[in-house]
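Numbering (this note's numbering), first residue to last: 1413 to 1621. Note sheet for the following structure.
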Ligand code: SF4
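The following block contains the structure:
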């Protein structure tokens, strides 16, 4: 029998979505290992290398186990970069079981089918976005650091439809980065830019995963 396809998984766990417009919703997270980028502000460095190879059946069993105790409707694929590995066959299967599916991606890879919610989080220095993702985004999340230039916000606002919010997420929820977010929102108002907001990482405030 041919070997079963595997995915390298960093962790699978239940929590409340801490970021973006879905903040506060009960969610089961599948964190995939590996990332093609190395952002200085990365808060999931453990997912760059660490993880274990799991077959699709093992992943589904783990999700089922968690779901028995925590029957959340949403599954969030995060990382690392979840689109670095071929998750499409697993996604199809999970979709047919009735889950709502979110992918949090750095946007450098083309999208896959059957995703209900794409969170697009382009990263420095290139802030490259795979063109097919532009019209699939439900939200655009930008980590703001002292190095983030205002022109990046302007570029992103131009690229995405106006109804898609541009969420400014202060690096590590720091006061310095939050102040930069506030000043950028004020500046965006002066420039006539619409649909920007600050988005803190709720899970870090609450001390949960
Ligand atoms: S893209 Fe995301 S996971 Fe990858 S290095 Fe940057 S912050 Fe970390």
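Ideal placement from N, C-alpha and C gives every residue a C-beta, glycine not left out.
| Item | Value |
| --- | --- |
| Is the Cβ-Cβ distance between residue 1544 and residue 1522 less than 7 Å? | yes |
| Determine, using beta carbons only, whether residue 1467 and residue 1520 come nearer to each other than 7 Å. | no |
| Would you report the Cα separation of residue 1449 and residue 1532, rounded to the nearest angstrom? | 15 Å |
| Under a three-way DSSP split, which group does residue 1559 fall into? | coil |
| How should residue 1497 be labelled, buried or exposed, when 16 other C-beta atoms within 10 angstroms of its C-beta is the threshold for buried? | buried |
| Cβ of residue 1451 within 6 Å of any heavy atom in the ligand SF4? | yes |
| To the nearest angstrom, report how far apart residue 1596 and residue 1610 are at their CA atoms. | 10 Å |
| Residues bridged to residue 1440 by DSSP? | 1426, 1487 |
| Should residue 1416 go down as buried or exposed, given a rule of 16 or more other Cβ atoms within 10 Å for buried? | exposed |
| Out of 1615, 1518, 1425, point me to the one whose CA is closest to residue 1487's CA. | 1425 |
| Less than 7 Å between the C-beta atoms of residue 1515 and residue 1501, yes or no? | no |
| Straight-line CA distance for residue 1437 to residue 1547? | 24 Å |
| Since residue 1430 contacts residue 1613 with CB under 8 Å, what's their CB separation in whole angstroms? | 5 Å |
| Any beta-carbon of chain D closer than 7 Å to the one on residue 1532? | No chain D is part of this structure, which consists of one protein chain only. |
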